[in-house]
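Scroll down for the structure; my scribbles are underneath it.
Protein chains: 2
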Amino acid sequence: KTLNEVLFFPSEVACVEHFFTPTATHSCFCSLPHGVETSFYRLLRHILSASSSLDLCVFSFSNADLRRAVLLLHSKGVAVRVVSDKDYSAITGSQIGVLRKAGICVRCDVGSVHMHHKFAVVDGRRLITGSLNWTLTAVLNNMENILITEEPDLVQPFVKEFHRLWVLNDPA
Amino acid sequence: KTLNEVLFFPSEVACVEHFFTPTATHSCFCSLPHGVETSFYRLLRHILSASSSLDLCVFSFSNADLRRAVLLLHSKGVAVRVVSDKDYSAITGSQIGVLRKAGICVRCDVGSVHMHHKFAVVDGRRLITGSLNWTLTAVLNNMENILITEEPDLVQPFVKEFHRLWVLNDPA
Ligand SMILES: [Zn+2]
Ligand SMILES: [Zn+2]
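Residue numbers (our numbering), protein chains in the order written: chain A, 7 to 178; chain B, 7 to 178.
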């Protein structure tokens, strides 16, 4: 059966440390609840399921755990490409500069048209899209939705749109 | 086959008058292009396909053509319910007051949690969701996406979430 899943936010707060330090599962002593499958937990798991590529097109990206997830994929050899908004990526708290410094290819939308997307394509076949910006506020304080699907009729247009934006914003 | 469609914005500009004055198809003399199936045209057509109900949950609603579409459905006897953001609905250009005056049930999110959704459910079975706010800027000036699906695994969670928000924001 085709993967189809919907997540709603705000997410409960729970520890996600085990995604980044696998040995922490039984040994994290932070004060957050552990082992809780929150919406954010599930979002992170879908992103971290990437084995070959992650194409990310987000207006704003300031969430530190999402930044850690993207850096982890990059360090494992997953091909990560990011398209983001030029104005937003320059503001305080944006993680775009950190991704660039880590060697991830980031292209910023340079036109006058505002880039308001918030979607990701995992391994060219799993779409993650919705209202949620990749910020802390969105995850914890806003009512938001994220839809995850592997339905080709929904995924393929986003794959094409990512490619179009990637080429369009080629700085070369 | 299950309906699955993706629309990208900004939309080209074209006349949509024929949706509201059916006799205008052959007789509109405005300066916009006619008979062009833009993304906005397709979005309007999906909304106007409602025959029994339209449940709308949008952060911002200032687009006049979308307001006309919602009023048209209401005048035809379609049960329209709207959940919107309290702060945004008070700003200049918001169409929420117009909907209320026309007798449409509108409930504003009254909590401290920011309502950032932009989805609609048509006849309880067709989901319209994405990054697009119901504003003129979003339609004409932003890169945005809208996904339309009748896949039950994707539609049902949104039907439930709408019901939850509707009850939660009952002013009574
Ligand atoms: Zn912990
Ligand atoms: Zn016209």
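Every residue gets a Cβ at the ideal spot worked out from N, C-alpha and C, and that includes glycine.
With a cut-off of 8 Å on the beta carbons, I'd call residue 94 (chain B) and residue 65 (chain B) a contact; round off their distance for me. Yes, residue 94 (chain B) and residue 65 (chain B) are in contact; Cβ-Cβ is about 6 Å, under 8 Å.
### Query
Ordered along the chain, which non-local residues of its own chain (more than five positions away) have a Cβ less than 6 Å from that of residue 12 (chain A)?
Answer for residue 12 (chain A): 153, listed in chain order.
Next on the checklist: Counting only Cβ-Cβ distances shorter than 7 Å, please list the residues of the region 145-169 of chain A near chain B, keeping chain order.
Outcome noted: Those would be 147, 148, 149, 150, 151, 153, 155, 157, 159, 160, 163, 164 and 167, in chain order.
Does the beta-carbon of residue 21 (chain B), which I'm using as the reference point, lie nearer than 7 Å to any heavy atom of ligand 1?
No; taking the cut-off as 7 Å, the Cβ of residue 21 (chain B) has no heavy atom of ligand 1 nearer than that.
Practice prompt. Would you kindly work out how many angstroms separate the C-alpha atoms of residue 85 (chain B) and residue 77 (chain B), rounded to a whole number?
Written response: Looking at the two C-alpha atoms, the distance is approximately 11 Å.
Requested in this report: Measure how close the beta-carbons of residue 29 (chain B) and residue 157 (chain B) come, nearest whole angstrom, since I'm counting them as under 8 Å.
Outcome: The pair is not a contact, with the Cβ atoms about 37 Å apart (cut-off 8 Å).
Whose CA, out of A:79, A:75, A:58 and A:98, lies closest to the CA of residue 50 (chain A)? Nearest option by C-alpha distance: A:75.
#### Entry: Near ligand 1: residue 50 (chain A) beta-carbon under 7 Å from a heavy atom
No; taking the cut-off as 7 Å, the Cβ of residue 50 (chain A) has no heavy atom of ligand 1 nearer than that.
### Opposing strand residues paired with residue 155 (chain B) [DSSP bridges]
Looking at the DSSP output, residue 155 (chain B) bridges to B:10 and B:133.
Q: Quick one: residues in its chain with C-beta nearer than 7 Å to the C-beta of residue 116 (chain B), no 5 flanking neighbours on either side, listed in chain order?
A: For residue 116 (chain B), same chain residues with a beta-carbon under 7 Å away, outside a window of 5 residues either side, are 92 and 175 in chain order.
Could you give the DSSP three-state label for residue 95 (chain A): helix, strand or coil?
-> For residue 95 (chain A), the three-state secondary structure derived from DSSP is helix.
Would residue 137 (chain A) and residue 124 (chain B) be called neighbours here (beta carbons separated by less than 8 Å)?
Yes, the pair counts as a contact, with Cβ atoms nearer than the cut-off.
Q: Per DSSP, which residues does residue 61 (chain B) bridge with? Please list them.
A: Under DSSP, residue 61 (chain B) takes part in a beta bridge, and its partners are B:87 and B:127.
inquiry  = Can you confirm whether residue 12 (chain B), when its beta carbon is compared against all beta carbons of chain A, has any partner nearer than 8 Å?
reply    = So yes, residue 12 (chain B) belongs to the interface.
DSSP state of residue 148 (chain B) mapped onto helix, strand, coil
In the structure shown, residue 148 (chain B) adopts extended strand secondary structure according to DSSP, grouped into three states.
(Q) Let me make sure I understand the geometry here. Which of A:166, A:146 and A:163 has the alpha-carbon closest to that of residue 20 (chain A)? (A) The option with the nearest alpha carbon to residue 20 (chain A) is A:146.
**Asked** Ends of the beta strand (DSSP E) at residue 71 (chain B)?
**Response** Looking at the DSSP string, residue 71 (chain B) is not in any beta strand (DSSP E); the run it does join, the alpha helix (DSSP H), is 70-81.
Exercise. Go to residue 104 (chain B), then tell me how far its alpha helix (DSSP H) extends in each direction, as first and last residue.
Key: That run of the alpha helix (DSSP H) goes 102-107.
Quiz item: Using a Cβ-Cβ cut-off of 7 Å (strictly less than) and excluding sequence neighbours within five positions of residue 129 (chain A), which residues of its own chain qualify?
Solution: Within the same chain, residue 129 (chain A) has close Cβ partners 56, 57, 58 and 59.
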